[in-house]
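Residue numbers (the working numbering): 5 to 77. Think of the CB as a built atom: it goes at the ideal place given N, C-alpha and C, for glycine as much as any other residue. Keep in mind it's a predicted model, so treat the numbers as computed, not measured. Let me begin by presenting the structure, written as structure tokens, before commenting on it.
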């Protein structure tokens with residue numbers, strides 16, 4: 005989200021680490037998700053990183069494909 009982008013940039017600037025800092029902030033925010041999502045293969049349609057994920061360490065919002073509705077249609 006736009007708020008997340010601003011929070012990522014702000015956090016990286018505070019660390020004074022430049023572009024590598026941006027990557028580090030994103031990796032930090034997505035560490036658990038990077039390990040959890042592969043087991044949800046073909047079910048997840050979107051992973052939303054919000055400002056709260058960056059600033060508070062909240063878990064990202066995961067959106068799933070509604071496979072049951074597609075099968076019955």
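>> Please tell me whether residue 50 and residue 8 are closer than 7 Å, where the distance is taken between their beta carbons.
In response: The sequence position of residue 50 within the chain shown is 46, counting from 1. The sequence position of residue 8 within the chain shown is 4, counting from 1. Their beta carbons are not under 7 Å apart, which means residue 50 does not touch residue 8 by this criterion.
> Hey, which unbroken runs of the beta strand (DSSP E) at 3 residues or more fall wholly within the stretch 44-73?
Replying inline: Within the stretch 44-73, the complete beta strand (DSSP E) segments at least 3 residues long are 48-52, 65-68, listed from N- to C-terminus.
> If residue 65 sits next to residue 52, beta carbons under 8 Å apart, how far is it from one beta carbon to the other, in whole angstroms?
Replying inline: For this step, residue 65 is matched to residue 61 along the chain shown. For this step, residue 52 is matched to residue 48 along the chain shown. Rounded, the Cβ-Cβ distance is 4 Å, consistent with contact.
> Skipping 5 residues on each side, what residues in its chain have a beta carbon closer than 7 Å to that of residue 30?
Replying inline: Here residue 30 refers to the residue found at position 26 of the chain shown. Same-chain partners within the cutoff: 12.
> Taking the alpha-carbon positions, what's the residue 58 to residue 33 distance?
Replying inline: On the chain shown, position 54 is the one that residue 58 refers to. On the chain shown, position 29 is the one that residue 33 refers to. Rounded to the nearest angstrom, the two C-alpha atoms are 6 Å apart.
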